[in-house]
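Novice:
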Ligand SMILES: C[S@@+](CC[C@H](N)C(=O)[O-])C[C@H]1O[C@@H](n2cnc3c(N)ncnc32)[C@H](O)[C@@H]1O
């Protein structure tokens, strides 16, 4: 997958790109480009934003700057999906993540300050996605959430394919929550691991896990 992120703070992604599973797929299944709007702006002194028409606080990312960035990289508005990260977008969930992970090319646009000139969302983007009903200072954290969630679904991202096939929100668990996990010691301060997990009886363990998953998902 070719995944491009337009941002004013590309260095913010340094930590994420060093972590697995992202690091495992970088340069292989994932080609991640971090692109700074300032490198493409047609305005002087690296200007990318401006005051809002009608007045009010904050600065707004300019449409001509975003368009120039897309033109420079793709020769126009790309035919593949261009996702704006905004608190006003469609709430992110695992279904959207799976949908995006199946794309061959994907572009994310993040903003800062007051956000995007509305024309960016209407004319340059195919999707607007929110990572939750709260306001962050910038789209970098939101983009990183999306990049991480998508990258871990790419082939070879995790040690075992089962870890992403059977997990919360997966079809394997009927879209529900994952069952509880336990590891050694089997008893700690009188807190015991459920007996069935120590039984070695795979069918019973599987049944117990599915029951637990359904119980948790029912709320
Ligand atoms: C301070 S926010 C702008 C908020 C905007 N003025 C509003 O009230 O809807 C700056 C940028 O951070 C990003 N951002 C903030 N919260 C977000 C969220 N919940 N999901 C996705 N992106 C978010 C977006 O890129 C946004 O344009």
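Residue numbers (the numbering used here): 2 to 220. We put the beta carbon where it would ideally sit given N, CA and C, even for glycine.
#1: Looking only at its own chain, which residues have a Cβ that is under 6 Å from the Cβ of residue 13, when we skip the five neighbours before and after it?
#2: From this set, 196, 59, 119 and 211, which residue's C-alpha is nearest residue 186's C-alpha?
#3: Of the residues 49, 91 and 209, which one's Cα is nearest the Cα of residue 10?
#4: Using DSSP bridges, identify the partner residues of residue 130.
#5: In terms of alpha-carbon separation, which member of 78, 171 and 98 lies closest to residue 120?
#6: Where does residue 159 sit, in a helix, a strand or coil, going by DSSP?
#7: Identify every residue that forms a DSSP beta bridge with residue 116.
#8: Are there any heavy atoms of ligand 1 lying less than 7 Å away from the beta-carbon of residue 113, as far as the coordinates show?
#9: Using 8 Å for Cβ pairs, my map puts residue 136 next to residue 107. What's the rounded Cβ distance?
#10: Do three or more CB pairs link the stretch 115-131 to the stretch 83-101 at distances below 8 Å?
#11: Determine the closest residue to residue 147 out of 118, 188 and 94, with distance taken between C-alpha atoms.
#12: Taking the C-alpha atoms as reference points, what is the distance between residue 153 and residue 57?
#13: Alpha carbon to alpha carbon, how far is residue 115 from residue 211?
#14: How would you write the range of the beta strand (DSSP E) that residue 6 sits in, first residue to last?
#15: With residue 108 as the anchor, note down where its alpha helix (DSSP H) starts and where it stops.
#16: Just the Cα atoms here: how many angstroms apart are residue 69 and residue 145?
#17: Candidates 55, 112 and 149: which alpha carbon is nearest residue 19's?
#18: Using a Cβ-Cβ cut-off of 6 Å (strictly less than) and excluding sequence neighbours within five positions of residue 73, which residues of its own chain qualify?
#19: For a test of your reading of the model: does the CB of residue 140 fall under 7 Å from any non-hydrogen atom of ligand 1? Yes or no.
#20: Could you give the DSSP three-state label for residue 85: helix, strand or coil?
#21: Taking the alpha-carbon of residue 111 as reference, which of 37, 105 and 161 has the nearest alpha-carbon?
Specialist: Here's the rundown:
#1: The residue given as residue 13 occupies position 12 in the chain shown. Counting only residues of its own chain and dropping the five nearest sequence neighbours on each side, residue 13 has a CB closer than 6 Å to the CB of 141.
#2: In the chain shown, the residue the question calls residue 186 occupies position 185. Cα-wise, what sits closest to residue 186 is 196.
#3: Here residue 10 refers to the residue found at position 9 when the chain shown is read from its first residue. It is 49 whose Cα lies nearest to the Cα of residue 10.
#4: Taking the chain shown and counting its residues from 1, one reaches residue 130 at position 129. According to DSSP, residue pairing for residue 130 in a beta bridge involves 91.
#5: By one-based count along the chain shown, residue 120 stands at place 119. That would be 78, whose Cα lies nearest to the Cα of residue 120.
#6: The sequence position of residue 159 within the chain shown is 158, counting from 1. If DSSP states are grouped into helix, strand and coil, residue 159 belongs with coil.
#7: Within the chain shown, numbered from 1, the residue matching residue 116 stands at position 115. Under DSSP, the beta-bridge partners assigned to residue 116 are 61.
#8: Position 112 of the chain shown holds residue 113. Proximity of the beta carbon of residue 113 to ligand 1 is indicated: a heavy atom of the ligand is located closer than 7 Å.
#9: By 1-based counting over the chain shown, the position of residue 136 is 135. By 1-based counting over the chain shown, the position of residue 107 is 106. With a contact defined as Cβ atoms closer than 8 Å, residue 136 and residue 107 miss out at about 24 Å.
#10: Judged by Cβ distances under 8 Å, the stretch 115-131 makes contact with the stretch 83-101, as three or more pairs qualify.
#11: The sequence position of residue 147 within the chain shown is 146, counting from 1. The shortest Cα separation from residue 147 among 118, 188 and 94 belongs to 94.
#12: Here residue 153 corresponds to residue number 152 of the chain shown, with the count starting at 1. Here residue 57 corresponds to residue number 56 of the chain shown, with the count starting at 1. Just so you know, the alpha carbons of residue 153 and residue 57 end up roughly 40 Å apart.
#13: On the chain shown, residue 115 is found 114 positions in, with the first residue counted as 1. On the chain shown, residue 211 is found 210 positions in, with the first residue counted as 1. When rounded, the distance between both Cα atoms is 45 Å.
#14: Position 5 of the chain shown, counted from the first residue, corresponds to residue 6. Note, residue 6: beta strand (DSSP E), 3-8.
#15: Translated into positions along the chain shown, residue 108 becomes position 107. Judged by DSSP secondary structure, residue 108 falls outside any alpha helix (DSSP H) and instead within the beta strand (DSSP E) spanning 106-110.
#16: Residue 69 sits at position 68 when you count from the first residue of the chain shown. Residue 145 sits at position 144 when you count from the first residue of the chain shown. Annotation: residue 69 to residue 145 spans about 23 Å, alpha carbon to alpha carbon.
#17: Within the chain shown, numbered from 1, the residue matching residue 19 stands at position 18. Residue 149 is the option with its Cα nearest to residue 19.
#18: Stepping through the chain shown from its first residue, residue 73 is reached at position 72. The residues 41, in chain order, have a CB closer than 6 Å to that of residue 73 in the same chain once the five nearest residues on each side in sequence are set aside.
#19: Stepping through the chain shown from its first residue, residue 140 is reached at position 139. Residue 140: yes, Cβ under 7 Å from ligand 1.
#20: In the chain shown, residue 85 corresponds to position 84, counting from 1. Three-state DSSP puts residue 85 in a strand.
#21: Taking the first residue of the chain shown as 1, we reach residue 111 at position 110. Residue 37 is the option with its Cα nearest to residue 111.
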